[in-house]
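According to this note's numbering, the sequence shown holds residues 4 to 493 in order.
Note that beta-carbon positions come from the ideal geometry of N, C-alpha and C, so glycine has one too.
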Amino acid sequence: MGTHLLHAGVAAAAAAAARAGVPVQQFPRAELPSARGKMTVRLAVTLFTLLLLAPAARSDLLEYGDDEEDLHDTTVNQMLVPRSHQEDATLILNNLLREYDKTLRPDIGEKPTVIDVGIYVNSIGPVSSIDMEYQIDIIFAQTWVDTRLQYNSSSMRILTLNSNMVGLIWLPDTIFRNSKNADSHWITTPNQLLRIWNNGKILYTLRMTINAECQLQLHNFPMDEHSCPLEFSSYGYPRDEIVYKWKRKSVETSDQKYWRLYQFDFMGLRNTTDVLSTTAGDYVLLTVYFDLSRRMGYFTIQTYIPCILTVVLSWVSFWIKSDATPARTTLGITTVLTMTTLSTVARNSLPRVSYVTAMDLFVTVCFLFVFAAMIEYAMLNYYSYIIRRPPPKMQRMAYSSFNMGRTPRSMMPMGNSLFWHDYDDSCLYECLDGKDCKSFFCCFEECKEGGWRKGRVHLNIQELDSYSRVFFPTSFLLFNIVYWVSYLYL
């Protein structure tokens, strides 16, 4: 059995040696060693086999290592590709800026430089009616062609650069003519973008927050509509050197839910191109208008409804008895002071303009209604006292009749024409001598008769509250109809 294993091991070793190309000496079967020698032979065969298989295993390890090295080389090659682009970009920029003069505009002395302008509106607001200005956050984009920055590169058609490159090339001197102040955004880095195409086309964008002036016409306040402009042009280059043009989609806006137009609704926008003539020359002026419409909710709650309720409250005095002087006087003074306060508060949200606004008109009319209600009670109280007091001439007649032995009026017969003649004369004298009989109204009961009363209307002073209960609400209702229809629909 051992002999067979020995022969098998020898055969296997010989086969392995043959595959490895190593000559093996064959042992004759008759010359097999002894038992002790068999162990020696077995060890020799085992060692010989290991020696034969070791180069193959080593070759496999070498092949695996070569694969890793190839993979590493591939990764390195892939990482080196951007480095080659960086070298190209650096070489391109160095060549472009080598003899570049940023103080001179493109095509100077040949033709005007055309600047295509676009605006992206991030937000608008708030709008200040007192300062007559509004705030706007925009991304301002300008595009032009500078032939000095043309380059030839098949691998890099566009160079996208940061703000460090902005100060190395020529830029348009664009200014916003109606801006009070403007700030550029610098966090976390300057919000500027510069792109250069291989044909010399340049795109320059900048994010800014501008407080621009907006002349508000407040005649219809708070039902007013405004068009707030944003004007810009070149500061030093006239139109024969720089021409500004709007892009096809020149003005775009973001989602309006992030805007801070608390008191206004955004109605739309429009852009125009004009020529501004100054002593320094004619400049191309581009303007974008933002159409705004004021919301009335705040002013309705804060001014209009309190004014209407105060006027209605002043009418309560018409249902209070005329002899309740403290109650009616207190109510009248309170409503007048309330209207004065409301008028002052309403003016705080407006600049000190010299013309009358729609709110001023409404508050003034409400104040007049409240004041008229108070004057109505003063008239009622005064004429009621005049009627209750006997006329001075009648008092003299009673005194003289007593001294002459005449019978008083209540004791005198009805047929005594002399007494009634004296009474009619005294009444006529008092009526014609008073101021009320010279006016259109006659307020004395005794003055109903007589030819002098033609063309006059008799007014019963005791019914003045009844007249006011109808006249005041009706006239105030008519005023509101005319007011709201005129300002909202005409």
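| said: Using the three-state DSSP reduction, which class does lysine 248 fall into: helix, strand or coil? | reply: strand
| request: Measure the C-alpha to C-alpha separation of leucine 364 and serine 469 and round it to an integer number of angstroms. | output: 28 Å
| said: Quick check on DSSP: helix, strand or coil for serine 352? | reply: coil
| task | With a 10 Å radius around its C-beta and 16 neighbouring C-beta atoms as the bar for buried, classify glutamate 466 as buried or exposed. | result | exposed
| Of the residues Ile245, Met270, Tyr292, which one's Cα is nearest the Cα of tyrosine 286? | Ile245
| request: Please state whether DSSP places tyrosine 380 in a helix, a strand or coil. | output: Three-state result, tyrosine 380: helix.
| field | Three-state class that DSSP yields for tyrosine 432 in the structure shown | value | Any reading at tyrosine 432 needs caution, since the residue's pLDDT is 44, under 50, leaving its predicted position unreliable; the model's value is listed next. Residue state, collapsed to three classes: helix.
| Counting Cβ pairs closer than 8 Å, one from the stretch 158-167 and one from the stretch 105-114, do we hit at least three? | no
| request: Return the first residue and the last residue of the alpha helix (DSSP H) that arginine 472 is part of. | output: 467-492
| query | isoleucine 142 and leucine 264: beta carbons closer than 8 Å? | reply | no
| request: Report yes or no: do the stretch 259-273 and the stretch 297-309 share at least 3 C-beta pairs separated by less than 8 Å? | output: Output reads yes: the stretch 297-309 touches the stretch 259-273.
| field | Paired residues, beta bridge with glutamate 136 - DSSP | value | Ser131, Glu216
| In this structure, what does DSSP give as the bridge partners for serine 157? | Paired residue(s): none; serine 157 is not in a bridge.
| request: List the DSSP bridge partners of tryptophan 147. | output: Ile205
| said: Am I right that arginine 180 and glutamate 234 are in contact with their C-beta atoms under 8 Å? What's the rounded C-beta distance? | reply: 4 Å
| task | Mark valine 314 as exposed unless 16 or more other C-beta atoms lie within 10 angstroms of its C-beta, in which case mark it buried. | result | Valine 314 is buried by the Cβ-count criterion.
| message | According to DSSP, is serine 280 part of a helix, a strand, or is it coil? | response | strand
| Pick from Ile205, Ala375, Leu107: whose alpha carbon is nearest that of tryptophan 318? | Ala375
| Beta-carbon proximity of aspartate 149 to tryptophan 173, cut-off 8 Å | yes
| Nearest-angstrom Cα separation, counted from tyrosine 358 out to phenylalanine 482 | 21 Å
| With 16 as the cutoff for other CB atoms within 10 Å, does aspartate 140 come out buried or exposed? | buried
| field | C-beta atoms of leucine 272 and valine 291 nearer than 8 Å | value | yes
| query | Quick one: Cα of isoleucine 178 to Cα of valine 124, how far? | reply | 17 Å
| Do you know offhand how far histidine 229's Cα is from arginine 350's? | 20 Å
| request: Indicate the three-state DSSP secondary structure (helix, strand or coil) for phenylalanine 179 in the structure shown. | output: strand
| In angstroms, rounded to a whole number, what distance separates the CA positions of histidine 222 and aspartate 277? | 28 Å
| request: Pull up the distance between the alpha-carbon of serine 346 and that of valine 485, whole angstroms please. | output: 21 Å
| Whole-angstrom C-beta distance between isoleucine 205 and methionine 159, which should lie under 8 Å | Taking the Cβ atoms as the reference, methionine 159 lies roughly 15 Å from isoleucine 205, outside the contact range of under 8 Å.
| said: Applying the 10 Å Cβ sphere with the 16-neighbour rule, what's the burial state of threonine 477? | reply: exposed
| query | Should tryptophan 189 go down as buried or exposed, given a rule of 16 or more other Cβ atoms within 10 Å for buried? | reply | exposed
| message | Which residue marks the beginning of the beta strand (DSSP E) containing isoleucine 304, and which one marks its end? | response | It is not in any beta strand (DSSP E) - isoleucine 304 carries neither H nor E in the DSSP assignment.
| request: Output the boundary residues of the beta strand (DSSP E) element that contains proline 193. | output: That residue, proline 193, is in no beta strand (DSSP E); it is neither H nor E in DSSP.
| task | Output the distance between the C-alpha atoms of tyrosine 240 and glutamine 145, rounded to the nearest integer angstrom. | result | Answer to the nearest angstrom: the Cα atoms are 16 Å apart.
| query | Can you pull the DSSP bridge partners for threonine 275? | reply | Thr290
| field | Assigned exposure category for proline 109 - 16 Cβ within 10 Å defines buried | value | buried
| message | Do valine 339 and methionine 377 count as a contact pair if the criterion is CB distance below 8 Å? | response | The beta carbons of methionine 377 and valine 339 sit closer together than 8 Å.
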